[in-house]
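If you count the sequence shown from 1, position 292 lands on 275 in the working numbering, and the numbers rise without skipping.
Every residue gets a Cβ at the ideal spot worked out from N, C-alpha and C, and that includes glycine.
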Amino acid sequence: MSGRYESWFLSARDTEPGRQPRALWIRHTAHRPAGAAQTSGALWCTVFDPGAGAPAAVKQSLPAGPASNAGASGFRGEARARGRMSEWDLTVSGEATPLRHLRPRTLYRLPVPRTKLEAPVPDGTTSGRLVFDGAELDVVAWRATVGHNWGAEHAERWVWLHAAGFEDEPEAWLELAIARIRVGGALSPWIANGAVSIGGRRHRLGGLGHVTGVRVIAAPGRLEAMVPGQRVAIRVAVHADLDQTVGFKYAGVTDDAVHGEREVLHAGIAEVRLGVRRPGRSSAELLTKCGGAYELGGRRFTHGVHLQPYPDP
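Rendered as C-alpha coordinates:
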(Lines of atoms letter the chains of each structure in order from A and count residues from 1; the text may use other names and numbers.)
(Lines give C-alpha, C1' and ligand atoms only; values in the text may rest on other atoms or scores of the structure.)
Protein backbone atom coordinates (compact mmCIF):
# COMPACT_ATOMS: atom_id res chain seq x y z
CA MET A 1 0.00 0.00 0.00
CA SER A 2 1.44 3.38 -1.02
CA GLY A 3 1.88 6.15 1.51
CA ARG A 4 -0.28 9.25 1.71
CA TYR A 5 -0.55 12.45 3.67
CA GLU A 6 -3.19 15.15 3.88
CA SER A 7 -3.19 18.54 5.55
CA TRP A 8 -5.73 21.27 6.17
CA PHE A 9 -4.33 24.52 7.49
CA LEU A 10 -5.45 27.97 8.58
CA SER A 11 -3.07 30.92 8.35
CA ALA A 12 -4.23 34.28 9.69
CA ARG A 13 -2.86 37.65 10.77
CA ASP A 14 -4.02 40.53 12.96
CA THR A 15 -2.56 43.63 11.31
CA GLU A 16 -4.73 46.30 12.90
CA PRO A 17 -2.83 49.62 12.67
CA GLY A 18 -1.46 50.97 15.91
CA ARG A 19 -0.74 47.67 17.60
CA GLN A 20 1.76 44.85 17.44
CA PRO A 21 0.95 42.36 14.65
CA ARG A 22 0.03 38.80 15.60
CA ALA A 23 -0.54 35.65 13.60
CA LEU A 24 -1.64 32.04 13.90
CA TRP A 25 -0.94 28.87 11.95
CA ILE A 26 -3.09 25.80 12.62
CA ARG A 27 -2.76 22.44 10.89
CA HIS A 28 -4.86 19.27 11.00
CA THR A 29 -2.90 16.45 9.35
CA ALA A 30 -3.33 12.78 8.49
CA HIS A 31 -0.40 10.51 7.66
CA ARG A 32 -0.12 6.92 6.41
CA PRO A 33 3.40 5.67 5.66
CA ALA A 34 3.93 3.26 2.78
CA GLY A 35 2.90 -0.25 3.77
CA ALA A 36 0.93 0.85 6.84
CA ALA A 37 -2.71 -0.08 7.25
CA GLN A 38 -3.49 2.59 9.84
CA THR A 39 -3.67 6.33 9.31
CA SER A 40 -2.30 8.45 12.14
CA GLY A 41 -2.62 12.17 12.54
CA ALA A 42 -1.63 15.32 14.36
CA LEU A 43 -3.02 18.65 15.48
CA TRP A 44 -0.68 21.63 15.34
CA CYS A 45 -0.95 25.21 16.58
CA THR A 46 1.59 28.03 16.39
CA VAL A 47 1.00 31.57 17.63
CA PHE A 48 3.26 34.41 16.48
CA ASP A 49 3.35 37.40 18.84
CA PRO A 50 6.57 39.44 18.64
CA GLY A 51 5.63 41.28 21.83
CA ALA A 52 5.63 38.00 23.76
CA GLY A 53 8.88 36.58 22.38
CA ALA A 54 9.52 33.57 20.15
CA PRO A 55 6.63 31.77 18.41
CA ALA A 56 4.67 29.47 20.74
CA ALA A 57 4.08 26.04 19.20
CA VAL A 58 2.46 22.79 20.23
CA LYS A 59 1.74 19.63 18.28
CA GLN A 60 -0.11 16.52 19.45
CA SER A 61 0.26 13.25 17.57
CA LEU A 62 -2.81 11.03 17.42
CA PRO A 63 -3.12 7.25 16.91
CA ALA A 64 -5.74 7.88 14.24
CA GLY A 65 -6.33 10.72 11.82
CA PRO A 66 -8.10 13.76 13.33
CA ALA A 67 -11.85 14.00 12.93
CA SER A 68 -13.05 16.15 10.05
CA ASN A 69 -13.30 19.38 12.04
CA ALA A 70 -11.18 21.43 9.68
CA GLY A 71 -12.21 22.96 6.39
CA ALA A 72 -13.33 26.03 4.51
CA SER A 73 -15.87 27.04 7.18
CA GLY A 74 -13.67 26.72 10.25
CA PHE A 75 -11.24 24.82 12.47
CA ARG A 76 -11.86 23.28 15.87
CA GLY A 77 -9.46 21.21 17.96
CA GLU A 78 -6.97 21.04 20.78
CA ALA A 79 -3.38 19.91 21.20
CA ARG A 80 -1.45 18.98 24.35
CA ALA A 81 2.18 17.90 24.40
CA ARG A 82 5.38 18.50 26.39
CA GLY A 83 3.63 20.67 28.94
CA ARG A 84 2.03 22.98 26.38
CA MET A 85 -1.60 23.19 25.35
CA SER A 86 -3.82 24.99 22.91
CA GLU A 87 -7.52 24.95 22.11
CA TRP A 88 -9.19 26.60 19.15
CA ASP A 89 -12.68 27.09 17.76
CA LEU A 90 -12.49 29.42 14.79
CA THR A 91 -14.94 30.21 12.02
CA VAL A 92 -13.82 31.29 8.56
CA SER A 93 -15.68 33.43 6.06
CA GLY A 94 -14.77 34.87 2.70
CA GLU A 95 -16.27 35.69 -0.68
CA ALA A 96 -13.29 34.76 -2.86
CA THR A 97 -13.94 31.63 -4.92
CA PRO A 98 -11.67 28.64 -4.21
CA LEU A 99 -8.31 28.48 -5.94
CA ARG A 100 -6.90 25.28 -7.42
CA HIS A 101 -3.26 26.10 -7.97
CA LEU A 102 -2.15 23.49 -10.50
CA ARG A 103 -2.37 24.20 -14.23
CA PRO A 104 -3.29 22.44 -16.41
CA ARG A 105 -6.11 20.98 -14.29
CA THR A 106 -5.35 17.47 -15.51
CA LEU A 107 -2.38 17.47 -13.10
CA TYR A 108 -4.84 16.73 -10.31
CA ARG A 109 -5.59 13.37 -11.96
CA LEU A 110 -1.99 12.46 -12.82
CA PRO A 111 0.61 10.87 -10.51
CA VAL A 112 2.97 13.86 -10.95
CA PRO A 113 3.31 16.13 -9.10
CA ARG A 114 3.01 13.86 -6.08
CA THR A 115 1.78 16.78 -3.99
CA LYS A 116 -1.55 18.41 -4.88
CA LEU A 117 -2.75 21.67 -3.37
CA GLU A 118 -5.65 24.07 -3.32
CA ALA A 119 -6.89 27.07 -1.34
CA PRO A 120 -10.59 26.59 -0.52
CA VAL A 121 -10.49 30.11 0.95
CA PRO A 122 -7.73 32.10 -0.76
CA ASP A 123 -8.78 35.29 1.01
CA GLY A 124 -11.10 35.67 3.98
CA THR A 125 -11.28 36.38 7.69
CA THR A 126 -11.36 34.24 10.81
CA SER A 127 -12.90 34.90 14.21
CA GLY A 128 -13.38 32.89 17.37
CA ARG A 129 -11.61 31.52 20.40
CA LEU A 130 -7.98 30.47 20.68
CA VAL A 131 -6.27 29.64 23.98
CA PHE A 132 -2.56 28.92 24.30
CA ASP A 133 -1.08 27.85 27.65
CA GLY A 134 -4.07 29.38 29.43
CA ALA A 135 -3.92 32.77 27.70
CA GLU A 136 -6.82 33.61 25.40
CA LEU A 137 -6.26 35.46 22.13
CA ASP A 138 -8.87 37.87 20.87
CA VAL A 139 -9.34 36.64 17.30
CA VAL A 140 -11.74 39.01 15.57
CA ALA A 141 -11.77 39.29 11.78
CA TRP A 142 -8.11 38.38 11.29
CA ARG A 143 -7.23 38.29 7.58
CA ALA A 144 -6.96 34.59 6.71
CA THR A 145 -6.50 31.87 4.15
CA VAL A 146 -7.40 28.18 4.28
CA GLY A 147 -5.17 25.69 2.47
CA HIS A 148 -5.51 22.00 1.67
CA ASN A 149 -2.79 19.72 0.33
CA TRP A 150 -2.39 15.99 -0.08
CA GLY A 151 -0.18 13.50 -1.83
CA ALA A 152 2.34 10.67 -1.75
CA GLU A 153 5.60 12.63 -1.45
CA HIS A 154 6.72 16.09 -0.40
CA ALA A 155 8.36 18.30 -3.00
CA GLU A 156 12.15 18.31 -3.03
CA ARG A 157 12.08 22.00 -2.12
CA TRP A 158 9.20 24.43 -1.92
CA VAL A 159 8.05 27.94 -1.15
CA TRP A 160 4.57 28.90 -0.03
CA LEU A 161 3.67 32.56 0.19
CA HIS A 162 0.45 34.33 1.07
CA ALA A 163 0.01 38.08 1.38
CA ALA A 164 -2.92 40.44 1.89
CA GLY A 165 -3.71 43.79 3.47
CA PHE A 166 -1.48 45.84 1.20
CA GLU A 167 -1.25 49.50 2.17
CA ASP A 168 -2.55 51.02 -1.08
CA GLU A 169 -4.67 48.03 -2.18
CA PRO A 170 -6.23 46.59 1.00
CA GLU A 171 -8.43 44.15 -0.93
CA ALA A 172 -5.57 42.72 -3.00
CA TRP A 173 -4.07 39.33 -2.16
CA LEU A 174 -1.40 36.93 -3.38
CA GLU A 175 -1.40 33.14 -3.08
CA LEU A 176 1.68 31.43 -4.50
CA ALA A 177 3.34 28.02 -4.34
CA ILE A 178 6.70 27.39 -6.01
CA ALA A 179 8.40 24.00 -5.97
CA ARG A 180 11.13 21.81 -7.38
CA ILE A 181 10.21 18.14 -7.70
CA ARG A 182 11.96 14.96 -8.74
CA VAL A 183 10.72 13.31 -11.92
CA GLY A 184 12.41 10.03 -12.76
CA GLY A 185 15.41 10.95 -10.64
CA ALA A 186 15.89 14.37 -12.28
CA LEU A 187 15.29 17.61 -10.42
CA SER A 188 12.86 20.00 -12.10
CA PRO A 189 13.36 23.75 -12.36
CA TRP A 190 11.25 25.94 -10.10
CA ILE A 191 7.58 25.58 -11.06
CA ALA A 192 5.15 28.23 -9.81
CA ASN A 193 1.38 28.04 -9.41
CA GLY A 194 -1.04 30.49 -7.84
CA ALA A 195 -2.91 33.74 -8.34
CA VAL A 196 -2.83 37.44 -7.58
CA SER A 197 -6.00 39.46 -7.08
CA ILE A 198 -5.74 43.21 -7.68
CA GLY A 199 -8.34 45.81 -8.58
CA GLY A 200 -11.08 43.23 -8.06
CA ARG A 201 -9.71 40.90 -10.74
CA ARG A 202 -7.90 37.60 -10.28
CA HIS A 203 -4.90 36.74 -12.46
CA ARG A 204 -3.44 33.25 -12.79
CA LEU A 205 0.26 32.88 -12.05
CA GLY A 206 2.67 30.23 -13.29
CA GLY A 207 1.62 26.82 -14.54
CA LEU A 208 3.53 24.50 -16.86
CA GLY A 209 3.25 27.01 -19.70
CA HIS A 210 5.26 29.61 -17.79
CA VAL A 211 8.11 27.60 -16.26
CA THR A 212 10.91 29.26 -18.23
CA GLY A 213 10.11 32.73 -16.88
CA VAL A 214 10.23 31.79 -13.20
CA ARG A 215 13.18 33.14 -11.21
CA VAL A 216 13.63 32.27 -7.52
CA ILE A 217 16.13 33.04 -4.78
CA ALA A 218 14.76 31.39 -1.64
CA ALA A 219 16.51 31.42 1.72
CA PRO A 220 15.48 31.35 5.38
CA GLY A 221 13.69 34.62 6.08
CA ARG A 222 14.13 35.92 2.54
CA LEU A 223 12.61 35.41 -0.89
CA GLU A 224 13.06 37.12 -4.24
CA ALA A 225 11.01 35.81 -7.14
CA MET A 226 9.71 36.68 -10.59
CA VAL A 227 6.66 34.77 -11.83
CA PRO A 228 4.82 35.25 -15.15
CA GLY A 229 1.22 34.27 -15.71
CA GLN A 230 -1.81 34.84 -17.90
CA ARG A 231 -1.37 38.43 -19.12
CA VAL A 232 0.40 39.31 -15.90
CA ALA A 233 3.85 39.10 -14.33
CA ILE A 234 4.84 39.69 -10.74
CA ARG A 235 8.02 40.48 -8.88
CA VAL A 236 8.04 39.76 -5.16
CA ALA A 237 10.49 40.42 -2.33
CA VAL A 238 9.87 38.97 1.12
CA HIS A 239 11.54 39.55 4.46
CA ALA A 240 10.70 37.63 7.63
CA ASP A 241 12.53 37.77 10.96
CA LEU A 242 14.06 34.42 11.85
CA ASP A 243 13.21 34.99 15.52
CA GLN A 244 9.55 34.94 14.43
CA THR A 245 9.97 31.80 12.33
CA VAL A 246 9.02 28.34 13.57
CA GLY A 247 10.72 25.14 12.41
CA PHE A 248 9.24 21.64 12.15
CA LYS A 249 10.17 18.28 10.69
CA TYR A 250 7.74 16.72 8.22
CA ALA A 251 7.87 12.94 8.01
CA GLY A 252 8.08 11.20 4.66
CA VAL A 253 5.45 8.76 3.47
CA THR A 254 7.55 6.78 0.97
CA ASP A 255 9.16 3.38 1.57
CA ASP A 256 12.28 5.26 2.66
CA ALA A 257 10.86 7.52 5.39
CA VAL A 258 14.23 9.07 6.20
CA HIS A 259 14.77 9.94 2.52
CA GLY A 260 11.33 11.54 2.46
CA GLU A 261 11.75 13.67 5.60
CA ARG A 262 11.77 17.45 5.17
CA GLU A 263 12.51 20.47 7.32
CA VAL A 264 10.02 23.34 7.20
CA LEU A 265 10.45 26.96 8.25
CA HIS A 266 7.23 28.95 8.60
CA ALA A 267 7.10 32.69 9.29
CA GLY A 268 3.60 33.83 10.19
CA ILE A 269 4.44 37.54 9.90
CA ALA A 270 6.37 38.73 6.86
CA GLU A 271 6.94 41.93 4.91
CA VAL A 272 6.01 41.55 1.25
CA ARG A 273 6.80 43.94 -1.60
CA LEU A 274 4.85 43.06 -4.72
CA GLY A 275 5.22 44.48 -8.20
CA VAL A 276 2.47 43.66 -10.71
CA ARG A 277 2.76 44.24 -14.46
CA ARG A 278 -0.26 43.90 -16.78
CA PRO A 279 -0.39 44.73 -20.51
CA GLY A 280 -1.95 48.10 -21.17
CA ARG A 281 -1.89 49.07 -17.50
CA SER A 282 0.60 50.98 -15.40
CA SER A 283 2.67 48.82 -13.08
CA ALA A 284 1.45 48.51 -9.49
CA GLU A 285 3.85 48.50 -6.55
CA LEU A 286 2.30 47.14 -3.36
CA LEU A 287 3.61 46.79 0.18
CA THR A 288 2.42 45.05 3.31
CA LYS A 289 4.75 45.31 6.28
CA CYS A 290 3.24 42.45 8.25
CA GLY A 291 0.45 40.89 6.16
CA GLY A 292 2.45 38.03 4.67
CA ALA A 293 3.19 34.42 5.61
CA TYR A 294 6.29 32.76 4.17
CA GLU A 295 7.17 29.06 4.25
CA LEU A 296 10.33 27.38 3.00
CA GLY A 297 10.64 23.60 2.97
CA GLY A 298 13.17 21.05 1.82
CA ARG A 299 15.76 18.52 2.83
CA ARG A 300 17.99 19.40 5.75
CA PHE A 301 19.56 22.81 5.19
CA THR A 302 21.39 25.47 7.21
CA HIS A 303 19.01 27.99 8.72
CA GLY A 304 19.73 28.61 12.42
CA VAL A 305 16.08 28.18 13.42
CA HIS A 306 15.35 25.90 16.37
CA LEU A 307 13.33 22.89 15.21
CA GLN A 308 10.39 22.07 17.44
CA PRO A 309 10.86 18.85 19.47
CA TYR A 310 7.66 17.18 18.25
CA PRO A 311 7.74 13.97 16.20
CA ASP A 312 5.85 13.64 12.95
CA PRO A 313 3.22 12.39 12.77
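1) Got a sec? Which residues, its chain only, sit under 6 Å from C273 by beta carbon, not counting five neighbours each side?
2) From R65 to L(-7), what distance separates their C-alpha atoms?
3) Please go through the same chain and pick out, in chain order, the residues whose beta-carbon is closer than 7 Å to the beta-carbon of I9, but skip the five residues on each side of it.
4) Rounded C-beta distance between P103 and P81? I'm assuming under 8 Å.
5) I'd like the list of long-range same chain contacts for G111, defined as Cβ closer than 8 Å, with 5 residues on each side in sequence excluded.
6) Can you give, in chain order, each stretch of the beta strand (DSSP E) that sits fully within the segment 72 to 133 and has at least 3 residues?
7) Taking the CB atoms as reference points, tell me whether R163 and L157 lie closer together than 8 Å.
8) Only counting the same chain, and skipping five residues up and downstream in sequence, which positions put a Cβ closer than 8 Å to that of E152?
9) What does the alpha-carbon distance come out to for the pair E101 and W143?
10) I need the boundaries of the beta strand (DSSP E) containing H222, first residue and last residue.
11) Reducing DSSP to helix, strand and coil, say where T271 ends up.
12) Using a Cβ-Cβ cutoff of less than 7 Å, which residues in the same chain neighbour A146 once the five nearest sequence positions on both sides are dropped?
13) Beta-carbon within less than 6 Å of Y(-12)'s beta-carbon, same chain only, minus the 5 sequence neighbours each way: which residues are those?
14) Return yes when the Cβ of S69 is within less than 8 Å of the Cβ of P297, no when it is not.
15) Using the C-alpha atoms, what's the distance from E154 back to A216?
16) Indicate the three-state DSSP secondary structure (helix, strand or coil) for D(-3) in the structure shown.
17) Just to confirm before moving on: does the CB-CB distance between G177 and L159 stay below 8 Å?
18) Nearest-angstrom Cα distance between A127 and G54?
19) Would the beta-carbon of L225 fall within 8 Å of that of V288?
20) Straight-line CA distance for Y233 to E119?
21) Counting along the chain, where does the beta strand (DSSP E) carrying S23 start and finish?
22) If you draw a straight line from the alpha carbon of G148 to that of T195, how long is it in whole angstroms?
23) Do you know offhand how far V210's Cα is from P87's?
24) Taking the beta carbon of P38 as the centre, do at least 16 other beta carbons fall within 10 Å, making it buried, or is it exposed?
25) Measure the C-alpha to C-alpha separation of A220 and G263 and round it to an integer number of angstroms.
26) Could you name the residues of the same chain whose beta carbon sits closer than 6 Å to that of A124, not counting the 5 residues immediately before and after it, in chain order?
27) If you count every other CB in all the chains shown that lies within 10 Å of the CB of G280, and 16 or more means buried, which is it?
28) Residue range of the beta strand (DSSP E) that P172 falls in?
29) Which two residues bound the contiguous beta strand (DSSP E) that contains V210?
30) With burial defined as no fewer than 16 other Cβ atoms inside 10 Å of the residue's Cβ, what is the status of A19: buried or exposed?
31) When you compare each of P94, D106, H137, A62 to L113 by their alpha carbons, which one comes out closest?
32) Our contact map puts A175 next to G189 with C-beta atoms below 8 Å; I'd like the distance itself, whole angstroms only.
33) State yes or no: is the C-beta of H137 within less than 8 Å of the C-beta of G230?
34) Give the range of the beta strand (DSSP E) segment to which H145 is assigned.
According to the structure shown:
1) T(-2), P4, I252
2) 23 Å
3) The beta carbon of I9 lies closer than 7 Å to those of F(-8), L(-7), W27, C28, F58, W71 in the same chain, with the five residues before and after it left out.
4) Going by Cβ atoms, the distance from P103 to P81 rounds to 5 Å, so yes, they are a contact pair.
5) G57, W71, D72, L73, T74, V122
6) 98 to 115
7) no
8) I181, G182, A267, L269
9) 12 Å
10) 215 to 222
11) strand
12) W156, L157, V255, L257, T271, G274, G275
13) H14, V236
14) Because the chain here runs from -16 to 296, residue 297 falls outside it and cannot be looked at.
15) 19 Å
16) strand
17) yes
18) 13 Å
19) Going by beta carbons, L225 and V288 fall inside the 8 Å limit.
20) 28 Å
21) 23 to 31
22) 30 Å
23) 17 Å
24) Residue burial is scored here from C-beta neighbours: P38 has at least 16 other C-beta atoms within 10 angstroms and is therefore classed as buried.
25) 24 Å
26) If we look at A124 and ignore the five residues flanking it on each side, its Cβ neighbours are T108, S110.
27) Buried.
28) Here P172 belongs to no beta strand (DSSP E), and DSSP marks it neither H nor E.
29) 205 to 212
30) Classification of A19: exposed, given that the 10 Å Cβ count is below 16.
31) A62
32) Confirmed, about 3 Å.
33) no
34) 140 to 147
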